[in-house]
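Remarks on the structure that follows.
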Amino acid sequence: LAGLALTIPIFDRGQGDQARAVAERQLAEAEARWLERQIPSTVEVAHRTLVARIEQARTLTTGQLDRLDVILRAAEAAFREGNTSVIELLDAHRTARGVRLRALDLRHQVARDTRELELAVGRP
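Next comes the structure, spelled out in structure tokens:
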């Protein structure tokens, strides 16, 4: 025996679709309220991060990067005069390279943090 079942929505006036639409609207409204609460804190965190990163870059630039060439010239002069070994000269150059790489990394991070802040405030 085989059978066939068929439901005919005689008394259904679209209540299921209406209920689904209401639920989807309520969900969208809840998500919008959540975003409205999240955005200010996201912007604040992005701004604080950017300000801190800019200060790190400024400190590195004024504290070490500006004096780097003077220090390297002094190390090279000391080596030429026989006051230091080649190992000490190479160490000075290695340290200088590390400082320059750190400065480049900070510039990259500032650019990235600037973009994060722009995205947080809604700039494309």
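Once you know that position 83 of the sequence shown is 115 in our numbering, the rest is easy, because the numbers rise by one and skip nothing.
Note that beta-carbon positions come from the ideal geometry of N, C-alpha and C, so glycine has one too.
Item: Check whether Leu67 and Asp145 have beta carbons under 7 Å apart; Value: no
Item: Same chain only: Cβ atoms within 6 Å of Glu148, ignoring 5 sequence neighbours per side; Value: Ala78
Item: Through-space distance from Ile71 to Asp123, alpha-carbon basis; Value: 47 Å
Item: Whether Val131 touches Gln96 by CB criterion (7 Å); Value: yes
Item: Pick from Ala135, Val102, Ala109, Thr116 that is closest to Ala89, judged by C-alpha positions; Value: Ala135
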